[in-house]
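Following the numbering used here, the numbering of the sequence shown begins with 4 at its first residue and continues without gaps.
In this text, a Cβ means the ideal position worked out from N, Cα and C, and glycines have one as well.
Worksheet: the structure to be examined is printed underneath.
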Amino acid sequence: MRQWDVFMFPFSKEKRHPAVIISNDETCQNSDLDEVNALLCTSAKVNRGPKQNEEQLDEADGLDWKTLVRCDRIYLLPKVQFDDRKGSVTDERRHSIARKMVEILRLPIHRR
């Protein structure tokens, strides 16, 4: 498991959906840590563009069809419940997701 990997996860309310890992690689690979941060994806075939709080993923990211990732809520999830690695988010979309998270969560950007 690495940052930006896409895995399936059995969410309680949303049921089984893809999730994008956003924890850093050190957290992902540390066996002493049981949980990672992830973003929920809407895996149903979507016939609309992304909302303000979403970015679009697709086959280039390892998914079977257009999928929307929600960037406004971060889940802390147990590593042992992830299964079926689908792929990894492309570099371009990693930047888009990160920018969207900063914008939506109103995170300050450090300036030097």
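I'd like to know if Ser91 contacts chain C, where contact means its C-beta is closer than 8 Å to some C-beta of that chain.
Among the chains of the structure shown, chain C does not appear; only one protein chain is present.
Beta-carbon proximity check, Leu66 vs Val9, cutoff 8 Å:
yes
Gln59 by DSSP, collapsed to three states: which one?
strand
Under 8 Å, do Cys44 and Asn56 count as touching if we go by C-beta distance?
no
Can the beta-carbon of Asn40 be found less than 8 Å from the beta-carbon of Ile77?
yes
Could you tell me the boundaries of the beta strand (DSSP E) in which Val39 lies?
Glu38 to Thr45
On the DSSP bridge assignment, give the partners of Lys18 in chain order.
Phe14
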